[in-house]
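Enquirer: The opening position of the sequence shown corresponds to residue 7 in the numbering used here, with each subsequent residue numbered one higher.
Positions of the beta carbon are idealized from the N, C-alpha and C atoms, including for glycine.
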Amino acid sequence: MFAKPQPSARLIEIFSAIQGEGLNVGTRQLFIRFALCDLRCHFCDSAHTWQVPTLCHIEQTPGRRDFETHRNPVLLPLVLAWVDRQNQPGLHDSISLTGGEPLLQTPFLVELLPQLHQLTRLPVYLETGGHRPEQLGTILPYLNSVGMDIKLPSVSGENHWQAHTEFLQHCHDSQVEVFVKLIISTTTKPDELERAAELVAACSPGIPVFLQPVTPFGYAQGKPLETPHHLPLLPPTPDQVLDWQALMKRHLQSVRVVPQTHKIIGQL
Ligand code: SF4
Numbered sequence: 007m008f009a010k011p012q013p014s015a016r017l018i019e020i021f022s023a024i025q026g027e028g029l030n031v032g033t034r035q036l037f038i039r040f041a042l043c044d045l046r047c048h049f050c051d052s053a054h055t056w057q058v059p060t061l062c063h064i065e066q067t068p069g070r071r072d073f074e075t076h077r078n079p080v081l082l083p084l085v086l087a088w089v090d091r092q093n094q095p096g097l098h099d100s101i102s103l104t105g106g107e108p109l110l111q112t113p114f115l116v117e118l119l120p121q122l123h124q125l126t127r128l129p130v131y132l133e134t135g136g137h138r139p140e141q142l143g144t145i146l147p148y149l150n151s152v153g154m155d156i157k158l159p160s161v162s163g164e165n166h167w168q169a170h171t172e173f174l175q176h177c178h179d180s181q182v183e184v185f186v187k188l189i190i191s192t193t194t195k196p197d198e199l200e201r202a203a204e205l206v207a208a209c210s211p212g213i214p215v216f217l218q219p220v221t222p223f224g225y226a227q228g229k230p231l232e233t234p235h236h237l238p239l240l241p242p243t244p245d246q247v248l249d250w251q252a253l254m255k256r257h258l259q260s261v262r263v264v265p266q267t268h269k270i271i272g273q274l
């Protein structure tokens with residue numbers, strides 16, 4: 007008889023920080039950032055996550071950025087021990103599974119999440135591109151909240167309308183807390199915003215939607231953000247933001263405009 011192999015993960019980092027986006031903005035989270043992403047959004051500020059690095063960075067003291075390094079892949083008991091070391095009483099509001107795309111590592115998450123719950127009793131929040139409904143289904147019972155993107159083709163270069171529809175419906179059916187985030191820039195096409203609003207409203211008009219202007223000081227792979235046609239990705243004008251929020255509010259109850267606040271306050 008062979009022993010069952012220990013599940014392992016490809017990680018970028020584990021660290022404690024203030025969440026800067028979406029419904030949990032301003033809360034303190036323990037971030038587990040997974041390597042690998044199958045999308046290539048033009049506005050990506052995490053292009054370093056697209057491949058698996060040889061080493062991952064593990065913070066030793068919450069918020070101090072005193073990282074130690076470990077070789078990928080990492081075994082599950084080590085991940086639990088690193089989380090336990092960071093989990094000071096009362097400090098964190100929740101644990102954030104982020105990336106990259108965490109749903110590319112669901113076999114590991116299926117093993118990790120029940121043990122994470124036993125260890126910390128903290129709510130678990132998934133940050134995802136919102137395009138992998140099948141993988142979501144395998145870990146939904148262990149999640150407390152989900153922040154999913156709807157990728158607007160005119161801004162992201164990605165096109166996943168059907169997958170987003172199924173993904174949101176899964177979340178809604180399971181009664182997990184869910185919100186939707188859309189990155190907007192001067193290149194955003196209003197008809198895509200309308201389609202996104204209709205998609206969310208068809209599931210439930212009460213689902214909160216966040217319009218997030220692209221961060222002007224964001225860079226992908228060391229270069230200014232731009233489309234493949236070398237048009238710069240710039241934040242929308244004040245008039246565009248006002249018009250687009252109004253457009254979406256014709257379909258939805260809650261449409262908020264919130265930029266990436268962690269970058270404004272100098273959080274990594
Ligand atoms: S889904 Fe996220 S990590 Fe992946 S390319 Fe898009 S912005 Fe980057």
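State the CB to CB distance for the pair Leu45 and Gly105, rounded to an integer number of angstroms; the pair is presumed to be in contact (CB under 8 Å).
Expert: With 8 Å as the limit, Leu45 and Gly105 do not qualify as a contact, their Cβ atoms being about 10 Å apart.
Enquirer: Considering only residues of the same chain and omitting the five flanking positions on each side of Phe185, which have a CB-CB separation below 6 Å?
Expert: Excluding residues within five positions, the ones whose Cβ falls inside 6 Å are Gly28, Leu29, Gly153 and Pro214.
Enquirer: Is it the case that the CB of Thr33 approaches a heavy atom of ligand 1 more closely than 7 Å?
Expert: Incorrect: Thr33 has no Cβ contact closer than 7 Å to ligand 1.
Enquirer: List the endpoints of the continuous beta strand (DSSP E) containing Gln218.
Expert: Element bounds for Gln218: Val215 to Pro219.
Enquirer: Output the distance between the C-alpha atoms of Thr193 and Val206, rounded to the nearest integer angstrom.
Expert: C-alpha separation (whole angstroms): 22 Å.
Enquirer: Looking at the unbroken beta strand (DSSP E) that takes in Val206, where does it start and where does it end?
Expert: Looking at the DSSP string, Val206 is not in any beta strand (DSSP E); the run it does join, the alpha helix (DSSP H), is Pro196 to Cys209.
Enquirer: In chain order, what are the residues with a CB under 6 Å from some non-hydrogen atom of ligand 1?
Expert: Residues flagged by the Cβ proximity filter: Cys43, Leu45, Arg46, Cys47, Cys50, Ser52, Thr55, Gly105, Gly106, Glu107 and Gly135.
Enquirer: Determine the extent of the beta strand (DSSP E) in which Ala23 is found, giving its start and end residues.
Expert: Leu17 to Ile24 is the extent of the beta strand (DSSP E) around Ala23.
Enquirer: Look at the alpha carbon of Gln273 and the alpha carbon of Phe8, and state the distance between them as a whole number of angstroms.
Expert: Cα to Cα, the separation comes out at about 46 Å.
Enquirer: Helix, strand or coil: how does DSSP classify Ile145 here?
Expert: Helix.
Enquirer: What residue does the alpha helix (DSSP H) around Glu107 start on, and which one ends it?
Expert: Element bounds for Glu107: n/a, residue is neither H nor E.
Enquirer: Round the Cβ separation of Val31 and Thr267 to the nearest angstrom and send it over; I've been treating them as touching at under 8 Å.
Expert: Rounded, the Cβ-Cβ distance is 6 Å, consistent with contact.
Enquirer: Quick check on this structure: which residue in His63, Phe73 and Ala23 has the alpha carbon closest to the alpha carbon of Leu17?
Expert: Nearest option by C-alpha distance: His63.
Enquirer: Alpha carbon to alpha carbon, how far is Gln259 from Lys269?
Expert: Going by the C-alpha atoms only, they are around 28 Å apart.
Enquirer: May I ask which residues mark the beginning and end of the alpha helix (DSSP H) holding Lys269?
Expert: Taken as a continuous stretch (DSSP letters only), the alpha helix (DSSP H) holding Lys269 covers Thr267 to Ile270.
Enquirer: Taking buried to mean at least 16 other C-beta atoms within 10 Å of its own C-beta, is Thr243 buried or exposed?
Expert: Looking at its Cβ environment, which holds fewer than 16 other Cβ atoms inside 10 Å, Thr243 is exposed.
Enquirer: Would you mind sorting Leu248 into buried or exposed? The rule is 16 or more other CB atoms within 10 Å of its CB.
Expert: Leu248 should be labelled exposed.
Enquirer: Tell me the rounded alpha-carbon separation between Thr75 and Ser102.
Expert: Whole-angstrom Cα-Cα distance: 20 Å.
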